[in-house]
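Heads up: the structure comes next, in structure tokens.
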Amino acid sequence: MVTTEGPPRRLRAWMLEGLSDMGRAGGHTGPHAEPKPAHKGQPWWRVMCLTGVDYFSTLGYQPGIAALAAGLLSPIATIVLVVVTLAGALPVYRRVAEESPRGEGSIAMLERLLSFWKGKLFVLTLLGFAATDFLVTITLSAADASTHLVENPHLTSTLHGHQMLITLLLVALLGAVFLKGFLEAIGVAVALVGVYLALNTVVVVVGLWHVATAGHVVTDWSAALTAEHGNALAMVGVALVVFPKLALGLSGFETGVAVMPHVKGDDSDSEEKPAGRIRNTKKLLTAAAAIMSVFLITTSFITTLLIPEKEFEAGGKANGRALAYLAHEYLGGAFGTIYDVSTIAILWFAGASAMAGLLNLMPRYLPRYGMAPHWARAVRPMVIVFTLIGFLVTWIFDADVDAQGGAYATGVLVLISSAAIAVTIAARKAGQRKWTIAFAVIAAVFLYTTVVNVIERPDGVKIGACFIAGIILVSLLSRLARAFELRVTSVTLDPMAERFVRDIASRKIRFIANEPDRRDRAEYRDKVDQIRADNDLPEQEDFVFVEVTVTDPSEFEASLTVRGEVLHGRYRVLTLESSSIPNALAALLLHVRETTGRTPHIYFEWTEGNPFANFLRFFLFGQGEVAPVTREVLRGAEPDRTRRPRVHTA
Numbered sequence: 016m017v018t019t020e021g022p023p024r025r026l027r028a029w030m031l032e033g034l035s036d037m038g039r040a041g042g043h044t045g046p047h048a049e050p051k052p053a054h055k056g057q058p059w060w061r062v063m064c065l066t067g068v069d070y071f072s073t074l075g076y077q078p079g080i081a082a083l084a085a086g087l088l089s090p091i092a093t094i095v096l097v098v099v100t101l102a103g104a105l106p107v108y109r110r111v112a113e114e115s116p117r118g119e120g121s122i123a124m125l126e127r128l129l130s131f132w133k134g135k136l137f138v139l140t141l142l143g144f145a146a147t148d149f150l151v152t153i154t155l156s157a158a159d160a161s162t163h164l165v166e167n168p169h170l171t172s173t174l175h176g177h178q179m180l181i182t183l184l185l186v187a188l189l190g191a192v193f194l195k196g197f198l199e200a201i202g203v204a205v206a207l208v209g210v211y212l213a214l215n216t217v218v219v220v221v222g223l224w225h226v227a228t229a230g231h232v233v234t235d236w237s238a239a240l241t242a243e244h245g246n247a248l249a250m251v252g253v254a255l256v257v258f259p260k261l262a263l264g265l266s267g268f269e270t271g272v273a274v275m276p277h278v279k280g281d282d283s284d285s286e287e288k289p290a291g292r293i294r295n296t297k298k299l300l301t302a303a304a305a306i307m308s309v310f311l312i313t314t315s316f317i318t319t320l321l322i323p324e325k326e327f328e329a330g331g332k333a334n335g336r337a338l339a340y341l342a343h344e345y346l347g348g349a350f351g352t353i354y355d356v357s358t359i360a361i362l363w364f365a366g367a368s369a370m371a372g373l374l375n376l377m378p379r380y381l382p383r384y385g386m387a388p389h390w391a392r393a394v395r396p397m398v399i400v401f402t403l404i405g406f407l408v409t410w411i412f413d414a415d416v417d418a419q420g421g422a423y424a425t426g427v428l429v430l431i432s433s434a435a436i437a438v439t440i441a442a443r444k445a446g447q448r449k450w451t452i453a454f455a456v457i458a459a460v461f462l463y464t465t466v467v468n469v470i471e472r473p474d475g476v477k478i479g480a481c482f483i484a485g486i487i488l489v490s491l492l493s494r495l496a497r498a499f500e501l502r503v504t505s506v507t508l509d510p511m512a513e514r515f516v517r518d519i520a521s522r523k524i525r526f527i528a529n530e531p532d533r534r535d536r537a538e539y540r541d542k543v544d545q546i547r548a549d550n551d552l553p554e555q556e557d558f559v560f561v562e563v564t565v566t567d568p569s570e571f572e573a574s575l576t577v578r579g580e581v582l583h584g585r586y587r588v589l590t591l592e593s594s595s596i597p598n599a600l601a602a603l604l605l606h607v608r609e610t611t612g613r614t615p616h617i618y619f620e621w622t623e624g625n626p627f628a629n630f631l632r633f634f635l636f637g638q639g640e641v642a643p644v645t646r647e648v649l650r651g652a653e654p655d656r657t658r659r660p661r662v663h664t665a
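The sequence shown maps to residues 16 to 665 in the working numbering.
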């Protein structure tokens, strides 16, 4: 009889497609998953366009944000931003590319510096800010795309008042694309970036021509600037003060590192030493920063001089779309509409890049920590989660570009600050004194900028704190729910350990779980006598001791290496290192059963103390209530009671 899967089973299979791939060593799924070894990559300039849909698309709203933040000082404040970009962010991320050539980014660099739970919690905190960065990129870009659509002179009468609905539809469309199955089309990114930069070049050239031909524009701006701020020194001082509000212009560097696996290197590159990929990624970062710097300065200049100040404010025609305003004003409705379409497309695709970043980042850490449900390893369930969160963020900020600027800047600045700190530590460890000092200064600048941004716009850190709290809460609940999983990826016995198992398999396999103390003759003799007395076993019964040393209890999954040794000329001992004693013992018992075909027995003594306190010790430190937890892990791993290894406690 042929049976077919019902709709619920087909839906589940479709939602969890690709889940099994997540367990492969060193691998992960998602749009930014590392290419297969045979994949040769793409030229760096093409991959630059992939990260450019995020970085370059900020031109859609950055000039307007700069004008609102700095007013007449916008061009000078933007020059400060460019200096920080070229002298700060660029050197930092060029070093990040050296330290994490497989696209792990600065979070992985910092993860290697900290161990145990403090390292995990620190990474979860950074993931919270990364989620803020990427999710607000999605919602802010969609909101600005809808602004360009609503404010188009040909559509404003029809679409006015529907910006929230349009933004939600764009976010939903983005989620639908990923649900269907999104493969990063670098060719599409190249086309979008090429057209968008070409159109911006036209707007900039036309804008500069109007500034040059209308001489009074420059003189009026200069006179107003002098009247308002007095002298050049005061202007620079004010520009430095308002600089944190312009931090959105620094976005895109983290994405630039994330796409490193797609960059083509040299034929001689290896996974251990991808020198060509690192060199070409540095070219990518440098070229993107240089192009963006030119556009930031020129667009800030022409928008400040050519657009009336009131048009930048909420409800104004240039609010969130300063360059589009100039395109319509000086190049006509047809060109302006083409510019709007191009801007909408690249802003929407910037959201796609951010979604891809989320799907690349979360599976890289949370499942490995045991801090995500099994379904979090699959792309589609996570797309639904991120899309729903995108709806919530859009609703909270009322699809307002200006209102989301603080949250976006906070996420960007925290990631850049963490990257600066990471490369400072890396340079210090490498004994590079000059680089250590330089990176420390850069880190101080970004930390200052972050603190100022948080003080002036606390909504960003509030949103970030919500993401952090949510991630930590879900992660700990998931870790708690998965505490009784086997959590051992493989078991390997050395020759001596194999010999012990073969020998004892000819009789009844009996292990004694022992917590190593002095490891002298008396310890093992007394332990054997106690187990025999407690379990009423005859003198002739033979035992092998098993001792587990806890390494890093915050780790979730690991391979298990078992070593055998003979102590004091008669006591056979199997020694293991693991993050959890019960899970390691359960994995060993199941491995012995599979290799010998015999059911092993293991003997414990009851743990003294409060059972709840002992469970917390197990959850946090990998030890505690060992006997019942070992039995529970075995029960979950082997549902057949007749085949399950026997656990004895007395």
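No residue lacks a Cβ here, since even glycine has one placed at the ideal position from N, Cα and C.
- The alpha-carbon separation between R659 and I546 amounts to approximately 21 Å.
- Beta-bridge partners of V278 (DSSP): Q57.
- Proximity of the region 477 to 491 to the region 437 to 453 falls short of the contact definition, fewer than three beta-carbon pairs being nearer than 8 Å.
- A distance below 8 Å separates the beta carbons of T504 and A573.
- If you compare the alpha carbons of L321, I312 and I181 with that of T228, the shortest gap goes to L321.
- In this model, L362 and D159 are separated by some 7 Å (Cα to Cα).
- 8 Å or more divides the Cβ of S156 from the Cβ of G475.
- Three or more Cβ pairs closer than 8 Å define a contact, and the region 79 to 88 falls short of that threshold against the region 277 to 296.
- Distance between A537 and I452, taken at the CA atoms: about 57 Å.
- A distance below 7 Å between beta-carbons, with the five flanking residues on each side excluded, links Y586 to the following residues of its chain, in chain order: Y539 and F560.
- For H663, the CB contacts under 8 Å within the same chain, skipping 5 residues up- and downstream, are N550, H616, I617, Y618 and F619 in chain order.
- Per DSSP, the beta bridge partners of L582 are Y586.
- Distances from the alpha-carbon of M250 to those of L88, A191, T566 and S493 put L88 closest.
- Of V644, L180 and L128, the smallest CA-CA separation from W410 is found for L180.
- Apart from the 5 residues on each side of it in sequence, R661 sits with its Cβ closer than 6 Å to the Cβ of H616 in its chain, given in chain order.
- Contact fails between the region 331 to 347 and the region 247 to 264, because fewer than three Cβ pairs, one in each stretch, are under 8 Å apart.
- The continuous alpha helix (DSSP H) containing S315 extends over residues A290 to L321.
- Contact holds between the region 551 to 558 and the region 524 to 532, because three or more Cβ pairs, one in each stretch, are under 8 Å apart.
- Rounded to whole angstroms, the Cβ separation of G405 and V186 is 5 Å, and the two are in contact under 8 Å.
- I359 is positioned such that its CB atom lies no closer than 8 Å to that of H177.
- Excluding residues up to 5 positions away in sequence, L582 lie with their Cβ nearer than 8 Å to the Cβ of R534 in the same chain.
- Around E326, the same chain offers K332 and A333 as residues with beta carbons nearer than 6 Å, after the five sequence neighbours per side are excluded.
- For the set L96, A85 and T645, the Cα lying nearest the Cα of S308 is the one of L96.
- As the crow flies, the alpha-carbon of H343 is around 34 Å from that of G372.
- If you compare the alpha carbons of V138, A437, L212 and L462 with that of A424, the shortest gap goes to L462.
- Assignment of T611 by DSSP, reduced to helix, strand and coil, places it in the helix class.
- Cα atoms of A434 and V427: separation of roughly 11 Å, rounded to the nearest angstrom.
- Take the alpha-carbon of G579 and the one of D541: they are about 21 Å apart.
- Within the same chain, I201, H277 and K279 come within 6 Å of Q57 by CB-CB distance, once the 5 residues on both sides are set aside.
- For A528, there is no enclosing alpha helix (DSSP H); the residue is found in the beta strand (DSSP E) stretching over R525 to A528.
- Boundaries of the beta strand (DSSP E) around S505: V503 to L508.
- Listed in chain order, the alpha helix (DSSP H) elements of length 4 or more contained wholly in the region 422 to 488 are 448 to 471.
- Around the Cβ of A512, a 10 Å sphere holds 16 or more other Cβ atoms; the residue is buried.
- In this structure, the alpha-carbon of A458 lies about 27 Å from that of I153.
- Between K297 and the set G209, V111 and M377, the nearest pair of CA atoms involves V111.
- DSSP lists I527 and H663 as the bridge partner or partners of Y618.
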